[in-house]
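Residue numbers (my numbering): -19 to 166.
Ideal placement from N, C-alpha and C gives every residue a C-beta, glycine not left out.
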């Protein structure tokens, strides 16, 4: 068996073209694992954490956060295959005692609107990315998921699924500082 070279592509994902023209983007083993290491450093997962994943694995955010992260770290995860089935996803939060969710603000808003305060008691962190998180999402979360903190982040397939994210327990500052291992250049 030949050793895997860290800089070789682990996956090729196809973008929708939100940053420019649609294209295939290779993400290396090092890129994915470095991104996960940065995520683990920021979120300091607890033994009791359960990630409720609903993002598709063909998207860089879904692949990294909802698929590879649990496998690499041992984080417990449960899944729903369709991010558009908000009522079903909301009903799975208490069924699985989910503490973590990551998704687009559009999906998160729809899920929060589909449940009530009792459904979201176990949630402690929701990560919003892939589009700007509007203020009404934060207001809605404080009403129906008061134990949860929404943390907005930013990433693009061409660089890394997660480039920056606000930190738990800190004030929201845009899309937050970069993860460890990420260098920002202007």
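- Here residue 35 really is in contact with residue 82; their C-beta atoms are around 7 Å apart, less than 8 Å.
- Within the same chain, 43, 47 come within 6 Å of residue 37 by CB-CB distance, once the 5 residues on both sides are set aside.
- Residue 100 sits in a helix when the DSSP states are folded into three classes.
- Along the stretch 2 to 84, the beta strand (DSSP E) occurs as fully enclosed runs of 3 or more residues at 4 to 8, 30 to 33, 56 to 59, 80 to 83, listed in sequence order.
- When DSSP states are grouped into helix, strand and coil, residue 124 belongs to the helix group.
- The residue among 95, 165, 147 with its C-alpha nearest the C-alpha of residue 70 is 95.
- DSSP places residue 135 in the uninterrupted beta strand (DSSP E) bounded by 129 to 136.
- Non-local C-beta neighbours of residue 121 in its own chain, meaning closer than 7 Å and more than five positions away in sequence, comprise 92, 106, 128, 130, ordered along the chain.
- Boundaries of the beta strand (DSSP E) around residue 141: 140 to 145.
- Using a C-beta cut-off of 8 Å, the stretch 146 to 156 makes no contact with the stretch 4 to 20, since fewer than three inter-stretch Cβ pairs fall below that distance.
- For residue -9, the enclosing beta strand (DSSP E) stretches over residues -11 to -6.
- Under the 10 Å beta carbon count, residue 64 is surrounded by fewer than 16 other beta carbons and is classified as exposed.
- CA-to-CA, the gap between residue 137 and residue 74 works out to about 32 Å.
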